[in-house]
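Number of protein chains: 2
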Amino acid sequence: MNDQTPLSSSRRQEILDAAAAVFAQKGYHGTGMRDIAERLGMKAGSLYFHLASKDAALEEVCAAGLQSVLRAAEHAVGVAGDLNRRIRALVESQVRDLKVHGDYISVFVHERRQLTAQGQKRLSEVTRKHSALLDRIFEDARAKGELADGIEPRAARYAMVGLLRNFTQLYVEGPIRDFDAVAAQATEIFLSGASSVRG
Amino acid sequence: MNDQTPLSSSRRQEILDAAAAVFAQKGYHGTGMRDIAERLGMKAGSLYFHLASKDAALEEVCAAGLQSVLRAAEHAVGVAGDLNRRIRALVESQVRDLKVHGDYISVFVHERRQLTAQGQKRLSEVTRKHSALLDRIFEDARAKGELADGIEPRAARYAMVGLLRNFTQLYVEGPIRDFDAVAAQATEIFLSGASSVRG
DNA sequence: CTTCTCACCTAACAGCTGTTAGGTTGGTTG
DNA sequence: CAACCAACCTAACAGCTGTTAGGTGAGAAG
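For the protein sequence lines, the chains are A and B, in the order given. Under the numbering used here, the residues of the first sequence are numbered 1 to 199, in order. Under the numbering used here, the residues of the second sequence are numbered 200 to 398, in order.
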């Protein structure tokens, strides 16, 4: 048996990095422990010196990805200014993190359903926190009249989460021409719309 | 050996329906042939009277999902009117299909990466067609001055695809309160923006 | 009644899966 | 020197995987 977080074993971090990379590329069930080990020049059995199980590895990778997403949202609510500024800060922060912890975020987004019920439950507290932060942004905006007519905060949140998920997808599907420009324009579409025709 | 498309064997359709349902719920690699068979009251080996392989089943389910997505886009470009009307038609058509062929579309969206390289190649012609249709919508709009300033058709297409993918995600993650209202508001956000503050 | 075909089943295959118990290093400490 | 420890390896396990060969029964065709 080993601790869930042996507190800054750097080897352990390397292993989680490798797990995140392979999970992101081949999916959780498509990945074998031997795939993860091979990427580290190890044998599969040796992983269990650092990890309790394959499932625990997925949960830890997901938790790290979720933390990254949460930090971006926390940063955004801390930004002073109107809705536009806050949303741009949110996207910018998230996109920056995507380039550093992309595999973790991608695994959290795409593979979290493969967790056991208990694993999902353990993450759900943090996801609720994340939802609450986004809701606060849009409810603040509505209170100040910055939210477009007919848009409920909850619907705006769903659209925003979808936008961020879309960035994650574009990131993992392989490099796209001018990723930053596409991301910026998608953000402007979210804020101001793709149509110049009113109604 | 069996044909790739024995032309309207209804039993075969039932089997593909079952495969799509289980693939959508548990993922391709998370699904066993025995899972699919069990849902039909059959044994795993019997599936091979109708299917060439598990992989072929995935490809066929993906192809059907893609066809549904393509039809929605074809319908949208056939609609007369400005960008707003065409986009609303696209979303409405896609959401309607989602409720009928949701599993197929979900599998196409989420599991197509698990196909072999040849399988993906076989689908790519249709996906290019789909991209071209969406591009045409946004390029038409730009030519008529209906596309917002600073938005390239390609970026608009990525955002649109992301929006549709988001609907798929919301659909499979389990019923959401007021799905139709959320979808409608997300569409209005895409067209007119979530912010009432200009700039 | 015989023959044929469709749709299914049984039983098994080789290979892969996550996981474990116990052994082997190389470096540090007493 | 001896003892110890972290970090790995080897070999194997029980169970599951997709897939196949050959058998079975029902119903249609002649």
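Positions of the beta carbon are idealized from the N, C-alpha and C atoms, including for glycine.
Where residue i and residue j are concerned, what is the direct C-alpha to C-alpha distance, given to the nearest angstrom?
{"i": "R198/A", "j": "R142/A", "result": "20 Å"}
{"i": "V107/A", "j": "D82/A", "result": "32 Å"}
{"i": "A256/B", "j": "R312/B", "result": "14 Å"}
{"i": "E387/B", "j": "A194/A", "result": "10 Å"}
{"i": "A155/A", "j": "A383/B", "result": "9 Å"}
{"i": "V278/B", "j": "A288/B", "result": "7 Å"}
{"i": "L332/B", "j": "E273/B", "result": "7 Å"}
{"i": "G264/B", "j": "F337/B", "result": "23 Å"}
{"i": "A126/A", "j": "A218/B", "result": "Residue identity check: residue 126/A is Val in the sequence provided, not Ala. About 33 Å."}
{"i": "Q67/A", "j": "Q120/A", "result": "14 Å"}
{"i": "T31/A", "j": "A117/A", "result": "20 Å"}
{"i": "V201/A", "j": "I105/A", "result": "This structure cannot speak to residue 201/A, because chain A is shown only from 1 to 199."}
{"i": "D135/A", "j": "R335/B", "result": "35 Å"}
{"i": "C261/B", "j": "R233/B", "result": "20 Å"}
{"i": "H222/A", "j": "I286/B", "result": "The displayed coordinates of chain A run from 1 to 199. Any statement about residue 222/A would go beyond what the structure contains."}
{"i": "L239/B", "j": "I214/B", "result": "7 Å"}
{"i": "D140/A", "j": "S395/B", "result": "13 Å"}
{"i": "H50/A", "j": "A21/A", "result": "17 Å"}
{"i": "I350/B", "j": "S252/B", "result": "44 Å"}
{"i": "Q293/B", "j": "A44/A", "result": "45 Å"}
{"i": "D157/A", "j": "L246/B", "result": "Sequence check: residue 157/A is Arg here, not Asp. So the alpha carbons of these two residues sit roughly 43 Å apart."}
{"i": "L123/A", "j": "Q224/B", "result": "20 Å"}
{"i": "G174/A", "j": "P374/B", "result": "31 Å"}
{"i": "N283/B", "j": "L164/A", "result": "24 Å"}
{"i": "L98/A", "j": "S330/B", "result": "25 Å"}
{"i": "A380/B", "j": "Y171/A", "result": "29 Å"}
Establish whether the CB of residue i and some CB of chain B are separated by less than 8 Å.
{"i": "G150/A", "result": "yes"}
{"i": "K99/A", "result": "no"}
{"i": "R165/A", "result": "yes"}
{"i": "A76/A", "result": "no"}
{"i": "T127/A", "result": "no"}
{"i": "A24/A", "result": "no"}
{"i": "L66/A", "result": "no"}
According to DSSP, is residue i helix, strand or coil?
{"i": "L115/A", "result": "coil"}
{"i": "R157/A", "result": "helix"}
{"i": "D82/A", "result": "coil"}
{"i": "T187/A", "result": "helix"}
{"i": "M42/A", "result": "coil"}
{"i": "E125/A", "result": "helix"}
{"i": "A19/A", "result": "helix"}
{"i": "Y28/A", "result": "coil"}
{"i": "S106/A", "result": "helix"}
{"i": "H50/A", "result": "coil"}
{"i": "S188/B", "result": "Nothing can be reported for residue 188/B, as the shown portion of chain B is limited to 200 through 398."}
{"i": "G373/B", "result": "coil"}
{"i": "E152/A", "result": "coil"}
In this structure, what does DSSP give as the bridge partners for residue i?
{"i": "L147/A", "result": "S394/B"}
Show which residues of chain A have a CB atom less than 7 Å away from the CB atom of residue i.
{"i": "H228/B", "result": "G27, H29, G30"}
Within 8 Å of any Cβ in chain A, is that where the Cβ of residue i sits?
{"i": "I336/B", "result": "no"}
{"i": "V381/B", "result": "yes"}
{"i": "Y370/B", "result": "no"}
{"i": "Q384/B", "result": "yes"}
{"i": "L322/B", "result": "no"}
Which chain A residues are close to residue i, counting only those with a beta carbon under 8 Å from its beta carbon?
{"i": "L346/B", "result": "A194, S195, S196"}
Could you tell me which chain B residues have their CB closer than 9 Å to the CB of residue i, listed as they occur along the chain?
{"i": "G162/A", "result": "G361, L362, R364, N365, F366, Q368, L369, A385"}
Just to make sure I have the definition right: I need the residues of chain B whose C-beta is within less than 7 Å of the C-beta of residue i. Which are they?
{"i": "Q114/A", "result": "G226, G229"}
Would you mind telling me which residues of chain A sit closer than 9 Å to residue i, beta carbon to beta carbon, in chain order?
{"i": "G389/B", "result": "Residue 389/B is actually Phe in this sequence, not Gly. Those within 9 Å of F389/B in chain A are A159, I189, F190, G193, A194, S195."}
{"i": "D281/B", "result": "S195, V197"}
{"i": "A355/B", "result": "Q185, A186, I189, A194"}
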